[in-house]
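If you count the sequence shown from 1, position 368 lands on 372 in this note's numbering, and the numbers rise without skipping. Using N, Cα and C, we set each Cβ at its ideal position, and we do this for glycine too. Fair warning: this is a prediction, and the values are worked out from it, not measured in the lab. Have a look at the structure below, then the notes.
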Amino acid sequence: MIQKNNIEQEINKELSIKYRIVPYKFDQDKMIFWTDKYSSNTKEALKVLTKKNIEFKECSSKDLYDLRQKYYSKTDISNIKSIIDDFSDEKILNKRQGFENNDSKIIRLVNYLLDYAIANKASDIHFDAVDGASLVRIRIEGILRDLLKLDRSLSNILINRIKVLAKLDYTVRNIPQDGSFSYKKDGKNIDIRVAVVPTIYSEKLVLRILNRDNVELTRQGIGLQGRNAELVSKLIRQPSGLILSVGPTGSGKSTTLITLLKELKSPEINIMTVEDPVEYKVEGFNQIEINEERGLDFNLGLKSILRLDPDKLMVGEIRDQETARTALRASITGRLVLSSLHTNDSPSAVYRLKDIGVEEYLISAGLIGVISQRLVRKLCDCKVKERKYVELYDETMDIYKPGSCGKCDMGYTGRIAVYEILLLNDRLKEAINSGMGLIEFKRLCKEEGLISLKESMKEMLKEGSTSLDEVYKNIMTIGEK
Ligand SMILES: [Zn+2]
Numbered sequence: 005m006i007q008k009n010n011i012e013q014e015i016n017k018e019l020s021i022k023y024r025i026v027p028y029k030f031d032q033d034k035m036i037f038w039t040d041k042y043s044s045n046t047k048e049a050l051k052v053l054t055k056k057n058i059e060f061k062e063c064s065s066k067d068l069y070d071l072r073q074k075y076y077s078k079t080d081i082s083n084i085k086s087i088i089d090d091f092s093d094e095k096i097l098n099k100r101q102g103f104e105n106n107d108s109k110i111i112r113l114v115n116y117l118l119d120y121a122i123a124n125k126a127s128d129i130h131f132d133a134v135d136g137a138s139l140v141r142i143r144i145e146g147i148l149r150d151l152l153k154l155d156r157s158l159s160n161i162l163i164n165r166i167k168v169l170a171k172l173d174y175t176v177r178n179i180p181q182d183g184s185f186s187y188k189k190d191g192k193n194i195d196i197r198v199a200v201v202p203t204i205y206s207e208k209l210v211l212r213i214l215n216r217d218n219v220e221l222t223r224q225g226i227g228l229q230g231r232n233a234e235l236v237s238k239l240i241r242q243p244s245g246l247i248l249s250v251g252p253t254g255s256g257k258s259t260t261l262i263t264l265l266k267e268l269k270s271p272e273i274n275i276m277t278v279e280d281p282v283e284y285k286v287e288g289f290n291q292i293e294i295n296e297e298r299g300l301d302f303n304l305g306l307k308s309i310l311r312l313d314p315d316k317l318m319v320g321e322i323r324d325q326e327t328a329r330t331a332l333r334a335s336i337t338g339r340l341v342l343s344s345l346h347t348n349d350s351p352s353a354v355y356r357l358k359d360i361g362v363e364e365y366l367i368s369a370g371l372i373g374v375i376s377q378r379l380v381r382k383l384c385d386c387k388v389k390e391r392k393y394v395e396l397y398d399e400t401m402d403i404y405k406p407g408s409c410g411k412c413d414m415g416y417t418g419r420i421a422v423y424e425i426l427l428l429n430d431r432l433k434e435a436i437n438s439g440m441g442l443i444e445f446k447r448l449c450k451e452e453g454l455i456s457l458k459e460s461m462k463e464m465l466k467e468g469s470t471s472l473d474e475v476y477k478n479i480m481t482i483g484e485k
């Protein structure tokens, strides 16, 4: 396979429009293009241009337009690169006055980077100090990828500019700082969180892009359906109790919580949240953002909203014993409380609460359900079937691996949520009170109908929704039976 970069240089967007084509697949001697109108002249022109055999795949004009938007928005970083080239051409970096004189160019560079990240639905931009340079990486659908390598002096100017935007002290480089700013894009304000820490080479800066438009806050949007949807309905219909959403960072916990809370919205009830940060602003909710510097942490935030007569409430995350106790007590005294916790699976949530010092009786009285989730990348239709022994399931199975086509991102397109939903029935509550160990508790949960993430992912592997790599990346495989 030839380098993708060469293809982009050869078949740029203008050519794609001129010839009514979008690259689909390519190898050593053949290129396949999408087109909405076959023409032998185009075929000849492309053959001369690429020195390869040319084939076409037909699609509608609308599809071609969509494919073009997708293909070129993902790859078009020419704006960013041209500014960077400008900088090196002028060699302004060596001049001390460079920063002031090129303010507008730096602003444009920051804007282009943000535009690129937003267009690609990235969640984060990283500036990593590596020996003598700075590596810019962006996270799309959970995966970090290299975007650019910058001259250290240019990256320092860029980092300073971002610090100024986020109201941080740019003269300070030896302590961690965090802040935020709002970025206006197509008439909408997007919150950008900035965190910077000193590293052995220089500084590492991460921009977190809180783009609410990326997710649809509906059951369909979060992939909640079938049996899982029924179990969740049962949970949120309860008048009181604590519902926990668990999983690693970036697994979509807060999106799930807000979506469920939105379903409960009604003019007759008071819904309050305490979050860090407020990712989705929802009309009709009373949302509080914690501010640890000023002493407003989850526990204090929760205690204050409890004095404001809430019916349903959400605490972004339970991090300590006090918050856990307060949330459980609120749930026992007639409130429905939603929160999140960092554990690998649903049964472990109970044990995490015990570990941080919450009494068993409080857990069994308050906790009504745990929703564990992961976001796994979805295989594109270009996937390739293979028969393989899968150690994880100790079984030889027909599974699929990523293929390649012009439509997808290295064989994947979008992500799907996988859920493991635990309802705490009387038998399970009794087990918690009896001090049962985790392994036995997990077995009991299974007996009571819990379908584990591992089992759900096995189904997804078989039907080709995802790949084995994604499964390994998303579940603990040590100590599991
Ligand atoms: Zn594909």
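Inset, instruction - Check Asp-107 in the structure and name its three-state DSSP category. - result: helix
Inset, instruction - Excluding the 5 residues preceding and the 5 following Val-134 in the sequence, name in chain order all residues of the same chain whose CB lies nearer than 7 Å to its CB. - result: Tyr-205
Inset, instruction - Pull up the distance between the alpha-carbon of Lys-485 and that of Val-374, whole angstroms please. - result: Reliability of the predicted coordinates at Lys-485 is poor, the pLDDT of 48 falling under 50, and no value is obtained from them.
Legend entry - Check whether Leu-383 and Gly-468 have beta carbons under 7 Å apart: yes
Legend entry - 4-residue-minimum alpha helix (DSSP H) runs that sit fully inside the segment 355-415, ordered along the chain: 364-370
Legend entry - Inter-residue spacing [alpha-carbon to alpha-carbon] between Ile-36 and Ser-65: 17 Å
Legend entry - Extent of the continuous alpha helix (DSSP H) run through Lys-282: Reading off the sequence shown, one finds Val at residue 282, where the question assumed Lys. No alpha helix (DSSP H) holds Val-282; DSSP gives it neither H nor E.
Legend entry - Residue-chain proximity (Leu-448, chain D), Cβ-Cβ < 7 Å: In the structure shown, chain D does not exist; there is a single protein chain.
Inset, instruction - Look up Ile-292 in the DSSP assignment and say whether it is helix, strand or coil. - result: strand
Inset, instruction - Please confirm whether any heavy atom of ligand 1 lies closer than 6 Å to the CB of Cys-409. - result: yes
Inset, instruction - Reducing DSSP to helix, strand and coil, say where Gln-73 ends up. - result: helix
Inset, instruction - Might you give, ordered along the chain, the residues of its own chain that have their beta carbon closer than 7 Å to the beta carbon of Ser-184, omitting 5 neighbours on each side? - result: Ala-170, Asp-195, Ile-196, Arg-197 and Val-198
Inset, instruction - Under 6 Å Cβ to Cβ from Arg-216, same chain only, skipping five residues before and after it: list those, please. - result: Tyr-284
Inset, instruction - Report the partner residues of Asp-195 according to the DSSP bridge assignment. - result: Ser-186 and Leu-214
Legend entry - Own chain residues within Cβ distance below 7 Å of Ser-270, not counting five before or after: none
Inset, instruction - Output yes or no for whether 7 Å exceeds the beta carbon distance between Val-341 and Leu-246. - result: yes
Legend entry - Residue range of the unbroken alpha helix (DSSP H) whose run includes Ser-127: Here Ser-127 belongs to no alpha helix (DSSP H); instead the beta strand (DSSP E) covers 126-134.
Inset, instruction - Please determine, among Arg-165, Ile-292 and Pro-180, the residue with the shortest C-alpha to C-alpha distance to Pro-202. - result: Pro-180
Inset, instruction - Spell out a yes or no on whether the segment 301-319 and the segment 223-239 are touching, meaning 3 or more CB-CB pairs, one atom from each, closer than 8 Å. - result: no
Legend entry - Cys-412 Cβ short of 6 Å to ligand 1 heavy atom set: yes
Legend entry - Nearest candidate by alpha-carbon position, reference Ala-137, set Asn-193, Lys-125 and Leu-152: Leu-152
Legend entry - Inter-stretch contact (C-beta, 8 Å, three-pair minimum) for the segment 457-471 and the segment 427-441: no
Inset, instruction - Would you tell me roughly how many angstroms separate the C-alpha atoms of Ile-322 and Val-282, rounded to the nearest one? - result: 15 Å
Legend entry - Heavy atom of ligand 1 within 6 Å of Cys-384 beta-carbon: yes
Legend entry - Coarse secondary structure for Gln-242, derived from DSSP in three states: coil
Inset, instruction - Grab the span of the alpha helix (DSSP H) containing Val-475 for me, first residue to last. - result: 472-478
Inset, instruction - Would you kindly check if the distance between the Cβ of Gly-299 and the Cβ of Gln-325 is under 7 Å? - result: no
Legend entry - Buried or exposed by the 16-neighbour rule on C-beta atoms within 10 Å, applied to Gln-32: exposed
Inset, instruction - Identify the continuous alpha helix (DSSP H) that holds Ser-258 and give its terminal residues. - result: 257-267
Inset, instruction - List the whole-angstrom C-beta distance separating Leu-345 from Arg-356, where the pair is believed to meet the contact cut-off of C-beta under 8 Å. - result: 6 Å
Inset, instruction - Select from Ser-258, Leu-248 and Ser-244 the residue whose C-alpha is nearest the C-alpha of Thr-222. - result: Ser-258
Legend entry - Buried versus exposed call for Val-278 [16 or more other C-beta atoms within 10 Å across all chains shown]: buried
Inset, instruction - Have a look at Val-219, Glu-474, Val-140 and Val-236 and flag the residue whose alpha-carbon is nearest the alpha-carbon of Arg-378. - result: Glu-474
Legend entry - Enclosing alpha helix (DSSP H) for Asp-430 [first to last residue]: 430-437
Inset, instruction - Please name the residue in Met-318, Cys-386 and Asp-430 whose C-alpha comes closest to that of Ala-369. - result: Asp-430
Inset, instruction - Would you check if the distance between the CB atom of Arg-419 and the CB atom of Glu-59 is smaller than 7 Å? - result: no
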